Structure formats: C-alpha cells, structure tokens
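A.B. asks:
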Amino acid sequence: MHIWAEYGTFFREFRRHFRDTGSVLPSGLFLARALTTELRKPRAPARILEVGPGTGSVTQQILRHLLPGDRFDAVELNGHFVALLQRRFDRDWEFRSRRSQVRLIHSAVEDLAGEAQYDFIISGLPFNNFPASLVREVFQVYDRLLRPGGTLSYYEYALVRQLKTPFVDRSERRRLFRVGRLVNRYIRAYQVRRERVLVNVPPAIVRHLKLKPATEFAPLARG
Ligand SMILES: C[S@@+](CC[C@H](N)C(=O)[O-])C[C@H]1O[C@@H](n2cnc3c(N)ncnc32)[C@H](O)[C@@H]1O
C-alpha cells in the first residue's frame, strides 16, 4: 500500500473518530518493530491477537514474524479500516502470502468471547483517549483472553498525560488522572520490559506485561 494513501485514510478516520483512532498518523516502522519484539524471540507456534490494527502498519510486522503453525486474529472496530485491511489481504503480497493464518474480525475487542485463547496480545488502543471505565474493561478482557505466561504488548505516547493535564478542564483532568492511576497499577504489577521509541511521531513507550504467570501445565503453543 502506498504510504500517502495509508496516511490519508488514517488522518480521515482520525477526524471522524478522534477518540477511538487516537493519533494523526499510523505507527512508524520503529514503533511497529518494538511492538513485535516478543514474536521475534525463539518460540513455539502460537495464537496472536492484534487489537486495533488500523491501516496495518503493525499488522505488517506481525505477518513478517509469523511462524508456520501460528494463528493470527486482528480485531478492529472501525469498518473503514476493516475494508482497507481486507483489500490489503487481497492485493499486497506480504499480506496475501499469510492470509490462510489470519482472521480479520470486525468488532470491539470488549465483545470477543472466550478465555485463555492467546499467547500474545499486541494492542494499538489509545488508552489515554478512553474513559477510565473502558480502560479497566479492556485490561480485564486482555486478562481473560491471555493464556498463562502470555504477553500483552502495547504502547503509549511519551508523557502524553502530563503534557495534556495543564491545558484541559477539570473533568478531563480527572479522567486523565484515573486512566493514569489504572494503567500504572498494571505496569507496577505486571510489566516485564519496556522500550522507548524516540524515532516516532510522537515518541512512544512500548510496554510488555505478563498478566498471569506461566503454569507448569500450560504449554505456550496449542492449536
Ligand atoms: C491509535 S490507532 C492504532 C492503529 C495501528 N495499530 C497503528 O499503530 O498504526 C487505534 C486503533 O484502534 C481501533 N480501536 C479503537 N477502539 C477499539 C476497540 N474497542 N476494539 C477494537 N479496535 C478499536 C481504532 O479504530 C484504530 O484503528
């Protein structure tokens, strides 16, 4: 897909759905690569979930690191992005070559059913735009969907809450405070690694969390 077409679509959806799209541009290459470092480690075939693939910049990196036997679900709320991704899976070689391993789901992640389904969740959701209640719900859903020992990788833009806070009204300040408190609780309890990605607009921090420990009898790879 041509980069300007991708940026154009992303920007249009940002204007239409500011809260859920969350940024003006899709993630750059360095950010997409940092989000997929866990997939590049030696590992068995796994089940992978991408949440909020947008125009597919992170999806492309995930596809590059799929192993034979991996199964990859991508869940996207915005129908325009789903249609665009569908076209990429029909036309772009890198996408088409892995099509049989991928399921594209048009839905909110909160509505996905099931328990302990995924070894890796890679989330592009803009938590800092969401009400605290939705952030809490999404983390609970990730907890439900991850297998023991599985990894959640997500990013946030560096210092976004701190930079915004002085310029917003009281209710927005309260929302940002609540989101920060909630996310920080998860970070303190479960973060295993973080990476700063300075070469991105804006700079970002990628966080890798293990929400529940591996159990002896829960192999990472199941069909
Ligand atoms: C910040 S963009 C990230 C897009 C892409 N991953 C990237 O890094 O360029 C957030 C994406 O999450 C999607 N999204 C927002 N809320 C969602 C939800 N509840 N369930 C699934 N997708 C959602 C948006 O439509 C958008 O595509």
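Residue 685 is where the sequence shown starts when you use our numbering, and the numbers rise one by one after that. Glycine included, every Cβ here is placed at the ideal spot set by N, Cα and C. Given the structure is predicted, the values throughout are model-derived calculations rather than measurements.
For LEU751, which of ALA758, ILE732 and VAL766 has the nearest alpha-carbon?
C.D. replies: On the sequence shown, position 67 is the one that residue 751 refers to. Considering only alpha carbons, the answer is ILE732.
A.B. asks: Under 7 Å: does the beta carbon of THR705 sit that close to some heavy atom of ligand 1?
C.D. replies: Within the sequence shown, residue 705 is the residue found at index 21, counting from 1. Under cutoff, so the answer is yes.
A.B. asks: Closest to LYS848 by CA distance: which of VAL863, THR835, TYR839 and GLY834 is it?
C.D. replies: Counting from 1 along the sequence shown, the entry for residue 848 is found at position 164. Comparing Cα-Cα distances from LYS848 to each of VAL863, THR835, TYR839 and GLY834, the minimum goes to VAL863.
A.B. asks: VAL950: which of LEU768, ARG820 and PHE779 sits nearest, CA to CA?
C.D. replies: Shown here, the chain extends from 685 to 907; a query on residue 950 therefore has no answer.
A.B. asks: Taking the alpha-carbon positions, what's the GLN875 to PHE823 distance?
C.D. replies: Translated into the one-based positions of the sequence shown, residue 875 becomes position 191. Translated into the one-based positions of the sequence shown, residue 823 becomes position 139. In a straight line, the C-alpha of GLN875 is about 13 Å away from that of PHE823.
A.B. asks: So does ALA816 have its beta carbon nearer than 7 Å to some heavy atom of ligand 1?
C.D. replies: The count along the sequence shown starts at 1 and reaches residue 816 at position 132. No, ligand 1 has no heavy atom inside 7 Å of this Cβ.
A.B. asks: Measuring alpha carbon to alpha carbon, tell me which residue in THR739, ASP776, ARG700 and GLN744 is nearest PHE756.
C.D. replies: As a first step, residue 756 is located in the sequence shown; it is residue number 72 there, counting from the start. Of the listed residues, the one whose Cα sits closest to PHE756 is GLN744.
A.B. asks: Measuring CB to CB, does ILE789 end up less than 8 Å from SER837?
C.D. replies: The residue you call residue 789 lines up with position 105 of the sequence shown. The residue you call residue 837 lines up with position 153 of the sequence shown. No; because the gap between Cβ atoms is not below 8 Å, this pair is not in contact.
A.B. asks: Looking only at its chain, what residues have a beta carbon closer than 7 Å to the beta carbon of GLY907, apart from the 5 residues adjacent to it on each side?
C.D. replies: The sequence position of residue 907 within the sequence shown is 223, counting from 1. The predicted model places GLY907 with a pLDDT of 46, which falls under 50 and marks its position as unreliable; any figure quoted below should be read in that light. Excluding positions up to five away in sequence, the list is empty.
A.B. asks: Grab me the residues of GLU722's own chain with a C-beta within less than 7 Å of its C-beta, minus the 5 sequence neighbours each way, in chain order.
C.D. replies: In the sequence shown, the residue the question calls residue 722 occupies position 38. Taken in chain order, the residues that qualify are PHE804, THR835, SER837 and HIS892.
A.B. asks: Is ARG782 near LEU747, with beta carbons less than 8 Å apart?
C.D. replies: Here residue 782 refers to the residue found at position 98 of the sequence shown. Here residue 747 refers to the residue found at position 63 of the sequence shown. Yes.
A.B. asks: Strictly by DSSP, which residues pair up with ALA888?
C.D. replies: Numbered from its first residue, the sequence shown carries residue 888 at position 204. ALA888 pairs with TYR841 and VAL881.
A.B. asks: For ALA718, which residues of its own chain have a beta-carbon under 7 Å away from its beta-carbon, when the five flanking residues on both sides are left out?
C.D. replies: Here residue 718 refers to the residue found at position 34 when the sequence shown is read from its first residue. Closer than 7 Å at the Cβ level, and outside the excluded window around ALA718, lie GLU879, VAL881 and VAL890.
A.B. asks: Given that a residue counts as buried once 16 or more other Cβ atoms are within 10 Å of its Cβ, and exposed if not, what is GLY706?
C.D. replies: As a working note, residue 706 is residue 22 in the sequence shown. Burial call: buried.
A.B. asks: Does ILE789 come within less than 8 Å of chain D when only Cβ atoms are used?
C.D. replies: Structure shown: chain D not included; a single protein chain is present.
A.B. asks: Can you check whether the CB of ARG872 is closer than 8 Å to the CB of LEU860?
C.D. replies: Locating residue 860 in the sequence shown gives position 176, where the first residue counts as 1. Locating residue 872 in the sequence shown gives position 188, where the first residue counts as 1. The answer is no: Cβ separation not under 8 Å.
A.B. asks: ARG700 to ARG869, Cα distance in whole Å?
C.D. replies: Numbered from 1 along the sequence shown, position 16 holds the residue referred to as residue 700. Numbered from 1 along the sequence shown, position 185 holds the residue referred to as residue 869. Distance between the alpha carbons of ARG700 and ARG869 is about 32 Å.
A.B. asks: For the putative contact between PRO710 and GLY736, defined by C-beta atoms under 8 Å, what is the C-beta separation to the nearest angstrom?
C.D. replies: Along the sequence shown, read from residue 1 onward, the residue named residue 710 stands at position 26. Along the sequence shown, read from residue 1 onward, the residue named residue 736 stands at position 52. Contact doesn't hold; Cβ gap of about 11 Å is too wide.
A.B. asks: With a Cβ-Cβ cutoff of 8 Å, do PRO886 and ALA842 count as a contact?
C.D. replies: One-based indexing of the sequence shown puts residue 886 at position 202. One-based indexing of the sequence shown puts residue 842 at position 158. A contact, by the Cβ cut-off of 8 Å.
A.B. asks: With a cut-off of 8 Å on the beta carbons, I'd call LEU829 and LEU796 a contact; round off their distance for me.
C.D. replies: The residue you call residue 829 lines up with position 145 of the sequence shown. The residue you call residue 796 lines up with position 112 of the sequence shown. The pair is a contact, with the Cβ atoms about 7 Å apart (cut-off 8 Å).
A.B. asks: In the DSSP assignment, find the unbroken alpha helix (DSSP H) run with PHE714 in it and report its ends.
C.D. replies: Along the sequence shown, one-based indexing puts residue 714 at 30. From DSSP, the alpha helix (DSSP H) with PHE714 extends over 713-719.
A.B. asks: Report buried or exposed for ARG831, applying the criterion of at least 16 other Cβ atoms within 10 angstroms of its Cβ.
C.D. replies: Position 147 of the sequence shown holds residue 831. Result: buried.
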